[in-house]
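Here's the structure we're looking at; comments come further down.
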Amino acid sequence: MPVLTRLIPSPVVVDIRAGALDDLAGVLADQRISASGKLAVAISGGSGAALRERLAPALPGASWYEVGGGTLDDAIKLADAMKSGHYDAVVGLGGGKIIDCAKFAAARIGLPLVAVATNLSHDGLCSPVATLDNDAGRGSYGVPNPIAVVIDLDIIREAPVRFVRSGIGDALSNISAVADWELANREKGEQIDGLAAAIARQAGEAVLRHPGGVGDDGFLTVLAEGLVLTGISMSVAGDSRPASGACHEINHAFDILHPKRAASHGEQCGLGAAFAMHLRGAHEESALMAACLRRHGLPVLPEEIGFSADEFVEVVAYAPQTRPGRYTILEHLDLSNDQIRDAYADYAKAIAS
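Just add 2 to wherever you are in the sequence shown, counting from 1, and you've got the working numbering.
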């Protein structure tokens with residue numbers, strides 16, 4: 003009987019530690035990603051300038067490209083500017099918008115991407131997806147995984163703490179997303195990838211159970227590892243399923259219905275995940291998740307991000323429309339507005355005790 007294996011798409015390098023940015027050139031050379039130092043580095047127009055000044059002496063062969071924003075047009079312009087440079091690799095140095103633009107541009111010109119994250123706001127830094135604004139709103143574009151991920155904890159601490167909090171909410175939401183995937187498997191026969199589910203769930207659980215805070219190296223390392231692992235879980239699954247369920251449907255509904263008032267991605271996903279866990283009857287897990295969110299300064303009630311209970315009911319009722327064909331606890335229960343209102347009152351009471 004043949005022994006079957008599969009290759010998991012993952013970075014060659016994952017370097018998460020204080021001071022990692024200072025060793026970027028050496029890491030890329032040692033791993034044979036760029037021995038020549040011919041790199042195309044994408045940066046933002048704001049904080050990227052200071053990082054360029056700091057890194058330029060160590061990367062004398064690099065060319066620097068300022069990214070205008072996080073749109074598809076920005077990514078295409080970046081690719082067009084880079085394509086004649088004969089580079090070894092593209093480096094995306096910045097937050098999510100910069101890295102997503104760099105991902106798309108690198109894929110378009112056939113070069114490997116090195117993701118150097120300056121904040122931990124979401125799990126996209128190592129995912130096989132570039133999320134970019136386009137004329138129709140926002141699109142997700144399939145791209146290769148980064149060949150390397152570098153996260154300097156010193157740089158992470160320099161970013162506003164709200165970015166770390168957002169990443170916490172996104173990581174914790176994996177627990178709810180995997181529960182939704184398992185529900186779809188039981189109720190609809192949807193195929194579930196056990197490895198992808200295990201990776202995503204354990205990434206969320208590690209953040210949930212860690213006793214540290216947003217300023218601790220130990221906690222930031224676990225969070226960064228969790229976000230990297232979540233991206234790998236999506237590559238294993240070939241889909242966002244291990245990290246996106248009712249939690250993300252609720253997040254998308256906030257963004258669509260209230261685009262000018264919406265909170266951060268991670269805040270909305272964390273709140274959505276805690277509520278979704280309550281809906282499925284996992285009250286102990288929901289309370290534990292809410293306690294973790296509270297401890298790290300994230301919202302657990304919509305009122306804490308400026309929305310009334312009635313507005314939250316509207317968001318939850320609309321949420322299934324954001325991902326047609328995705329089966330979660332929201333589609334399973336198919337609650338009326340009155341039932342959502344009652345469930346929310348129960349949830350608010352349960353997590354207050």
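Every residue, glycine too, gets a C-beta built ideally from N, C-alpha and C.
Note that the structure is predicted; figures quoted are calculated from it, not measured.
- Cβ neighbours of residue 307 within its own chain (closer than 7 Å, five residues either side excluded): 265, 269 and 301.
- In this model, residue 153 and residue 276 are separated by some 28 Å (Cα to Cα).
- Sequence-distant partners of residue 238 (beyond 5 residues in either direction) whose C-beta falls short of 7 Å from its own C-beta, in its chain, are 10, 195, 197, 198 and 201.
- When 76, 178, 346 and 231 are compared, the shortest CA-CA separation from residue 124 is found for 231.
- Bounds of the beta strand (DSSP E) holding residue 95 are 91-96.
- In summary, residue 330 is buried, with 16 or more beta-carbon neighbours lying within 10 Å of its beta-carbon over all protein chains present.
- Cα atoms of residue 218 and residue 17: separation of roughly 17 Å, rounded to the nearest angstrom.
- In the structure shown, residue 308 falls within a coil segment according to DSSP collapsed to helix, strand and coil.
- Residue pairing by DSSP places residue 168 opposite no residue, since no beta bridge is assigned to it.
- Taking C-alpha positions only, residue 173 is separated from residue 228 by approximately 7 Å.
- Under the 10 Å beta carbon count, residue 46 is surrounded by 16 or more other beta carbons and is classified as buried.
- Residue 186 holds the alpha-carbon nearest to the alpha-carbon of residue 334 among 186, 290 and 167.
- The beta-carbon distance between residue 149 and residue 23, rounded to whole angstroms, is 17 Å. This is too long to meet the 8 Å contact definition.
- DSSP places residue 14 outside both helix and strand once states are collapsed to three, so it counts as coil.
- Straight across, the Cα-Cα distance linking residue 66 with residue 54 is about 8 Å.
- Here residue 73 carries a strand assignment [DSSP, helix/strand/coil].
- Note on geometry: alpha-carbon atoms of residue 188 and residue 49 lie some 47 Å from one another.
- Fewer than three Cβ pairs drawn from the segment 311-323 and the segment 164-183 lie within less than 8 Å of each other, which leaves the two stretches out of contact.
- In the DSSP assignment, residue 135 forms a beta bridge with 73 and 140.
- Taking 9 Å as the cut-off, the Cβ atoms of residue 206 and residue 175 count as close.
- By the neighbour-count definition (other C-beta atoms within 10 Å, threshold 16), residue 76 is a buried residue.
- The three-state secondary structure of residue 235, taken from DSSP, is helix.
- Setting aside the 5 residues that flank it on each side, residue 108 is surrounded in the same chain by 92, 114 and 115, each with a C-beta closer than 7 Å to its C-beta; the list follows chain order.
- CA-to-CA, the gap between residue 100 and residue 146 works out to about 16 Å.
- Taking C-beta atoms under 8 Å as the contact rule, residue 248 and residue 283 fail to qualify, at a distance of about 14 Å.
- For residue 352, the CB contacts under 8 Å within the same chain, skipping 5 residues up- and downstream, are 280, 285, 288 and 289 in chain order.
- Secondary-structure assignment with DSSP links residue 180 through no beta bridge to anything.
- Rounded to the nearest angstrom, the gap between the Cα atoms of residue 97 and residue 321 is 27 Å.
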